[in-house]
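Quick notes on the structure that follows.
2 protein chains.
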Amino acid sequence: MTQSVTISEVGPRDGLQSVDRVMATAAKKAWIKAEAEAGVGEIEVGSFVPSKLLPQMADTAEIVAFAKTIANLDVVALVPNLKGAERAIAEGVDKMSIPFSMSETHSINNVRKDHSAMIAEIKAIADLVAKQPEASRPHFEVGLSTAFGCTMEGPVADDQIVRLAEAAMNAGVAEVGLSDTTGYANPAQVSRLVRKVKRAIGDDKLNTLHLHNTRGLGLANVVAGLEEGITTFDASLGGLGGCPFAPGASGNIVTEDLVFMLEAMGISTGIDLDKLLKVRDIVAEALPGEPLYGFTPDAGLPLGFQKVAA
Amino acid sequence: MTQSVTISEVGPRDGLQSVDRVMATAAKKAWIKAEAEAGVGEIEVGSFVPSKLLPQMADTAEIVAFAKTIANLDVVALVPNLKGAERAIAEGVDKMSIPFSMSETHSINNVRKDHSAMIAEIKAIADLVAKQPEASRPHFEVGLSTAFGCTMEGPVADDQIVRLAEAAMNAGVAEVGLSDTTGYANPAQVSRLVRKVKRAIGDDKLNTLHLHNTRGLGLANVVAGLEEGITTFDASLGGLGGCPFAPGASGNIVTEDLVFMLEAMGISTGIDLDKLLKVRDIVAEALPGEPLYGFTPDAGLPLGFQKVAA
Chain A
1 MTQSVTISEV GPRDGLQSVD RVMATAAKKA WIKAEAEAGV GEIEVGSFVP SKLLPQMADT
61 AEIVAFAKTI ANLDVVALVP NLKGAERAIA EGVDKMSIPF SMSETHSINN VRKDHSAMIA
121 EIKAIADLVA KQPEASRPHF EVGLSTAFGC TMEGPVADDQ IVRLAEAAMN AGVAEVGLSD
181 TTGYANPAQV SRLVRKVKRA IGDDKLNTLH LHNTRGLGLA NVVAGLEEGI TTFDASLGGL
241 GGCPFAPGAS GNIVTEDLVF MLEAMGISTG IDLDKLLKVR DIVAEALPGE PLYGFTPDAG
301 LPLGFQKVAA
Chain B
311 MTQSVTISEV GPRDGLQSVD RVMATAAKKA WIKAEAEAGV GEIEVGSFVP SKLLPQMADT
371 AEIVAFAKTI ANLDVVALVP NLKGAERAIA EGVDKMSIPF SMSETHSINN VRKDHSAMIA
431 EIKAIADLVA KQPEASRPHF EVGLSTAFGC TMEGPVADDQ IVRLAEAAMN AGVAEVGLSD
491 TTGYANPAQV SRLVRKVKRA IGDDKLNTLH LHNTRGLGLA NVVAGLEEGI TTFDASLGGL
551 GGCPFAPGAS GNIVTEDLVF MLEAMGISTG IDLDKLLKVR DIVAEALPGE PLYGFTPDAG
611 LPLGFQKVAA
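What follows is the structure, given as structure tokens:
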């Protein structure tokens, strides 16, 4: 099993886009800065979507510019299409990610594109990325969303996911990740699907899992992913964002609990848990009353707990 | 990995003993009956402790007598000592469990017995069990509590746990279980400790894990246990009981989420999830305002979800 793991904080993007209120730009900056100072090395800071659709993300360009000034931080943005990718490249992101829904029904409903239109869009972005000078060329990856099942279609066949992962790689992306958008995944499925996709596209082309804790299985799914060689996990501080279709149910896996689990297992995250726990105050103050999840923040660290030496 | 798992519902004992209010005897009976009807095959229904110490458990004899009338149900009681074991045997329990704290400080504080006094007590009970006629002889097991760390001592050495597990087996118990009383366990530790104890006392002498979800790692620890051949998991409906030292933090792992995870993984529990979810109403009505935990009850089952064919 891997000795160290990258945690990619997605709260400022995936968390905030599920919160109705718009977090003030200054608060976003304070959050990102504090979390980077706690040792988080990768943060998805926003999304280059039209601000009419997601006003919460309207300041993404300013946030990216700010995050780029922080040392030792990989700045990630979500892009929904070529237009978003052009803006992300102009702002100099380190990494761009495009969601590609494995359920065609979901894809059509969500972005009005079927699978072949999505592959064409991904190829157009990959071609644009390839044209950038090497020094400023962002890492471009595809998040295979609804990979573990869809609220409209139900289960999605493994073969379909493998085929679409191959198509994305052929379109020129650097790597793919698997996303449990709906919180449907279970550990056996995570093991099976990670193994199948890695076998098809190469062991080093699937490194990231984006998991939700909708049914409480988030960290159990992390364990299954670790055992299959996954080295990057998305997570959200305080599990921010909840779950749109299940009030009271958590959305993203909680960064604090994930860091505790990994460090307790002897897997280095490079993150200082005490500092990380204090970052919650920034979010709580900026979004009063917004529910923050996580068990470790309530329970505290075990007596005698030691983090892994970096 | 195992194809089927036994879930031992401990809510009527471990859950209720952490709730200040006393649940009415009739409500306990309704709960136990409904959960057995949902397919739960083992329930820890109470504890033979002095009712002065735990008034919540004062009706344990009546509850055992009632539970014994339910078909296909193994009726378990906790016994703190020889006196409790005598009462449990008189009531005809199918299985008795005694907690044996791996932290000597915790043992002395909790039951005023050091490790050698506990081993003597366990031996006295095992001798009493051996004298019973075979047809009515209960299964007697030891729960190795605070095995993953203690709130007073901090970490407990693996070697100490292995040595005390061997001592319990030598005293004549049928098997031992590992208990994460404090919610300190992590998946790597579960794997390591299960393997060490099994190696020392025999692969078939450690079958049960009692896990808490205090820091959100409960189901992740289940995955680690499954991979090491554990076949019985304790769990509490609605995670009832909370956690005494961390208000708002969950105690026992939640039966509903555990059943969902196992069935989704293709591991049969014999439990009907829809029926199980309805049992929450009985508990909620009997203990108004008591927090019930669990993610699956809020989120519901995934579209297209199918339980494992029994």
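These protein sequence lines map, in sequence, to chains A and B.
According to our numbering, the first sequence is numbered sequentially starting from 1.
According to our numbering, the second sequence is numbered sequentially starting from 311.
Glycine residues also receive a C-beta, built at the ideal position from the N, C-alpha and C atoms.
Please read these numbers as outputs of a predicted model, since none were measured by experiment.
The distance from the Cβ of A:ILE267 to that of A:ALA34 is about 23 Å, inconsistent with a contact at the 8 Å cut-off.
The beta carbon of B:ALA534 lies closer than 7 Å to those of PRO497, VAL500, SER501 in the same chain, with the five residues before and after it left out.
Taken through DSSP and simplified to helix, strand or coil, B:ASN382 comes out as coil.
Apart from the 5 residues on each side of it in sequence, B:ASP490 sits with its Cβ closer than 6 Å to the Cβ of PHE458, LEU521, HIS522 in its chain, given in chain order. Close CB contacts of B:ILE435 within its chain, under the 6 Å cut and outside five residues either way in sequence, are with LEU392, ALA395 (chain order).
If you check each beta-carbon in the stretch 487-513 of chain B against every beta-carbon of chain A, the ones closer than 9 Å belong to THR492, GLY493, TYR494, ALA495, ASN496, PRO497, ALA498, GLN499.
Taking the Cα of B:VAL486 as reference, the smallest distance to any Cα among B:ARG590, B:ILE540, B:GLY321 is reached at B:ILE540. The residue among B:GLU414, B:PRO409, B:ALA381 with its C-alpha nearest the C-alpha of B:ALA387 is B:PRO409. Cβ contact annotation for A:LEU226 (same chain, cutoff 6 Å, sequence separation greater than five): MET1, in chain order.
Closest in alpha carbon position to B:GLU372, among B:ASN382, B:SER361, B:GLU401, B:LEU364, is B:GLU401. For the 9 Å CB-CB criterion, A:LEU240 and A:VAL19 form a contact.
For B:GLN616, the number of other beta carbons within 10 angstroms of its own is below 16, and it is reported as exposed.
Under the 10 Å beta carbon count, A:LEU206 is surrounded by 16 or more other beta carbons and is classified as buried. With the criterion set as a beta carbon lying under 7 Å from some beta carbon of chain A, the members of the stretch 457-487 of chain B are GLY459, THR461, GLY464, PRO465, in sequence order.
Under DSSP, the beta-bridge partners assigned to B:THR542 are B:THR316, B:THR518.
Relative to the Cα of A:GLU228, the nearest Cα in the group A:GLY218, A:GLU42, A:VAL197 belongs to A:VAL197.
A Cβ-Cβ distance of about 6 Å is found for the pair A:ARG21 and A:LEU287, placing them in contact under the 8 Å criterion. Non-local beta-carbon contacts of A:LYS29 in its own chain, meaning distances under 6 Å to residues more than five positions away in sequence, involve PHE66 in chain order.
Of all residues in the stretch 286-304 of chain A, only GLY294, PHE295, THR296, ASP298, ALA299, GLY300, PRO302, LEU303, GLY304 place a beta-carbon less than 8 Å from a beta-carbon of chain B. Only those residues of the stretch 363-385 of chain B whose C-beta falls short of 9 Å from the nearest C-beta of chain A would be listed, and there are none. The Cβ of A:VAL223 sits closer than 9 Å to at least one Cβ of chain B.
In this structure, the alpha-carbon of B:MET571 lies about 7 Å from that of A:LEU217. Identification of chain B residues near A:ALA309 by a Cβ-Cβ cut-off of 9 Å yields none; the smallest Cβ-Cβ distance measures about 16 Å. With respect to B:GLY561, B:GLY325 sits close: the two C-beta atoms are nearer than 9 Å.
Around the beta-carbon of B:GLU444, fewer than 16 other beta-carbon atoms lie within 10 Å, marking it exposed.
Using a CB distance cut-off of 9 Å, A:PHE260 counts as an interface residue toward chain B. Chain order gives no chain B residues near A:ASN110, where near means a beta carbon separation below 7 Å; the closest approach is about 16 Å. Approximately 6 Å separates the beta-carbon atoms of B:PRO448 and B:LYS405; this is inside 8 Å, confirming the contact. When the Cα atoms are used, A:LEU54 and B:ALA594 turn out to be separated by approximately 39 Å. The Cβ atoms of A:ILE271 and A:LEU219 do not sit closer than 9 Å to each other. Against chain A, a Cβ distance below 7 Å from B:ALA574 picks out ASN186.
Judged by beta-carbon spacing, B:ILE353 lies within the 9 Å limit of B:VAL385, meaning their Cβ atoms are closer than that value. Excluding the 5 residues flanking it on each side, A:GLU121 has same chain C-beta neighbours closer than 7 Å at ASN81, LEU82, LYS113, in chain order. Burial check for A:THR25: the Cβ neighbour count within 10 Å stays below 16, so the residue is exposed. Contact between B:LEU547 and B:GLY321 holds: their C-beta atoms lie close to 4 Å from each other, under 8 Å.
Within the stretch 208-220 of chain A, those residues whose Cβ lies closer than 7 Å to any Cβ of chain B are, in chain order, ASN213, THR214, ARG215, GLY216, LEU217, LEU219, ALA220.
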